Amino acid sequence: MTEADIGSVYVAPPGFDSVLQAELERLGSAPNAWLGRLALCSAPPVASVWALDVWTAPEVHRIASIGEAAKLLKSRQRNWALVPTGHFRRAALIEERLPPVKAAPLEFPQLAPTSPLGAWTLMEPGLLLFSQSKTSAFPAGEPRFAEDREGPPSRAYLKLWEACTRLGRWPVAGETCLDLGATPGGWTWAIAKLGAAVTAVDRAPLAPSVQSMPGVTFRQESAFGLEPRDEARVDWLFSDVIAYPNRLLALAKRWIAAERVGRIVMSVKFQGETDFEVMEAFAAIPGGRLAHLFHNKHEVTFFWEAP
Ligand SMILES: C[S@@+](CC[C@H](N)C(=O)[O-])C[C@H]1O[C@@H](n2cnc3c(N)ncnc32)[C@H](O)[C@@H]1O
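Take the sequence shown: its position 82, counting from 1, is numbered 82 in UniProt numbering, and each next residue is one higher.
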């Protein structure tokens, strides 16, 4: 691929290059080349679920020196995030000459930064690839949070924090939530900390430290046994249940059809192969969309909002 041919660049989540490759092929935008974790495509940007970040206006420039590279980037905008793909020492020397980008971890709940952030890498010692615009507000599409290492019984709460940060909304005092597949209780802990009322549902017992938090109710039963029409309406339906994606699709549709929910945030976990067909079925639900979050494993998160 020649330098002028790069129409879009996709940042693969660590360990999921082959899933991103398969997705881009399905979308008719097969990568022409890979540069580290970056998929380089000649086609214009497409809506990828698996990419953590998409560079939407890539440019390639020959640079004669470190100083020239830094000058060029600075002439375009203030904030730049390096995605290292090689020539690490030289890239670090360019990075040193750029204004520092605020690196403090996010204190959830907090909105994502809004200042423009570009991304760049060195393709060769004398070849700079960059994009002033990209889809994520975070370097490499990786939001980092100030973690709580004592309160939550699992690290899964980071997924919920990331999902809510992406939405720009989170449960607040006075709202009601259902948390399906809640055990050991990381998500329930995060919701209760926000001051919302949460009913946790799981076949296995919740951590006692979470069950005793104000606003938490626990029902030890199967999430699939709940009949939405018999339940009170909730503002948020969260689900981190481990189940076949098709069962989760039916579950989401049942809650939506019953008009018992305002918003849904649901993990869709894959065992073995990534099921692109079920992803398309989720994305086809009016008001729904999917994203692979930085804190997701081999799973995507389904977001839905009532019209
Ligand atoms: C990944 S864990 C959830 C972690 C949780 N979100 C947290 O933050 O700690 C998946 C959970 O799904 C639960 N699960 C699996 N099948 C279920 C079902 N039919 N109904 C309810 N929970 C189920 C499992 O018991 C397990 O606790």
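Ideal Cβ placement from N, Cα and C applies to all residues, glycine included. Model, not experiment: these values are computed from the prediction.
- Not one heavy atom of ligand 1 is found less than 7 Å from the C-beta of D53.
- Looking at the DSSP output, D53 bridges to V11.
- H61 is bridged by DSSP to L128.
- For a cut-off of 8 Å, the C-beta gap from T121 to P84 is around 7 Å, short enough to register as a contact.
- The Cβ atoms of A190 and P143 do not sit closer than 8 Å to each other.
- A91 and E305 have their C-alpha atoms some 42 Å from each other.
- Secondary structure of A192 (DSSP, three-state): helix.
- Non-local beta-carbon contacts of R78 in its own chain, meaning distances under 7 Å to residues more than five positions away in sequence, involve P99 in chain order.
- Not a single heavy atom of ligand 1 lies less than 7 Å from the C-beta of W304.
- Of the residues P58, G141, A182, A192, the one whose Cα lies closest to the Cα of A156 is A182.
- The residue among A243, E107, I94 with its C-alpha nearest the C-alpha of D202 is A243.
- The beta carbons of L293 and A163 sit about 6 Å from each other, so the pair counts as a contact at 8 Å.
- E280 sits in a helix when the DSSP states are folded into three classes.
- Along the UniProt domain "Ribosomal RNA methyltransferase FtsJ" (154-242), the alpha helix (DSSP H) occurs as fully enclosed runs of 4 or more residues at 157-167, 186-193, 208-211, listed in sequence order.
- Looking at Q271, W80, E231, the one whose alpha-carbon comes closest to that of A137 is W80.
- Within the chosen limit of 7 Å, ligand 1 does not reach the beta carbon of A69 with any heavy atom.
- Shortest gap from the CB of Y157 to any heavy atom of ligand 1: under 7 Å.
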